[in-house]
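Residues in the sequence shown are numbered from 5 upward in steps of one, following the numbering used here. By construction, the Cβ of each residue, glycine as well, lies at the ideal position given by its N, Cα and C atoms.
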Amino acid sequence: MKVVNIVFESAEALRELIAKNEFYNEKNLLVQFFDGRDDADAFNEIAKLLKNELSQATIVGVSAGGEIIGDKMIDFKVVISFCAFENTTLIPLYTPKCDFDGGVEIASGILKDEIKSALFFSEGINGKPEAFLKGVKSAKNKLVIGGGASADNGKFS
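This is the structure in structure tokens:
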């Protein structure tokens with residue numbers, strides 16, 4: 005597995021990093037970005053840039069309230085994590101329901117028995133992430149779960 009974590013500085017610097025690390029050749033590439041800037045247009049620009057540069061990647065973007073890189077927490081920045089897997093197959097999933105039923109639906113209707121772990125992100129205001137996780141566990145109790153709920157730097161909007 006190859007992992008590279010950066011603080012986003014510019015589109016040009018991001019393109020250079022992608023080329024330098026040859027991420028466009030990675031078929032099992034997970035790109036996560038955590039955006040603490042509270043700017044929907046800027047968020048969408050990064051999502052679009054990543055999708056254009058790395059069309060084969062599984063891309064997950066969430067708003068954040070305190071971005072973490074290495075052992076430091078920063079605010080109002082964008083942290084991007086590139087994870088290139090050798091022996092892992094990525095299966096992107098989505099449900100609009102962040103509640104118990106949505107968790108059951110994902111776990112029982114989509115996930116296969118050979119899947120050992122899942123990474124879930126939810127919106128942080130109106131959803132019910134704890135109920136969602138209970139729904140997942142009720143249908144697939146041995147699944148290892150990671151992820152979190154998005155944040156908006158304490159604005160709660």
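TODO: Please list, in chain order, all residues of the same chain as Ile149 whose beta carbon is under 6 Å from its beta carbon, the five residues on each side excluded.
DONE: Numbered from its first residue, the sequence shown carries residue 149 at position 145. These residues qualify, in order along the chain: Ala122.
Open item on the list: Quick check on the DSSP output: the alpha helix (DSSP H) that includes Phe186 runs from which residue to which?
Closed with: The structure shown has nothing for residue 186, since the chain only spans 5 to 161.
Open item on the list: Assuming the contact rule is C-beta atoms closer than 8 Å, Phe38 and Val83 should be a hit. Round their C-beta distance to whole Å, please.
Closed with: In the sequence shown, residue 38 corresponds to position 34, counting from 1. In the sequence shown, residue 83 corresponds to position 79, counting from 1. Contact between Phe38 and Val83 holds: their C-beta atoms lie close to 5 Å from each other, under 8 Å.
- [ ] From the DSSP output, in three-state form, read off Ile22 for me.
- [x] Working through the sequence shown from its first residue, we reach residue 22 at position 18. Three-state DSSP puts Ile22 in a helix.
Open item on the list: Whole angstroms are fine: how far does the CA of Asp103 sit from the CA of Glu134?
Closed with: Mapped onto the sequence shown, residue 134 falls at position 130. Mapped onto the sequence shown, residue 103 falls at position 99. Cα to Cα, Glu134 sits roughly 8 Å from Asp103.
Task: Among Asn130, Lys141, Asn145 and Gly107, nearest to Ala155 - alpha-carbon criterion - done: What you label residue 155 is simply residue 151 of the sequence shown in a count that begins at 1. Of the listed residues, the one whose Cα sits closest to Ala155 is Asn130.
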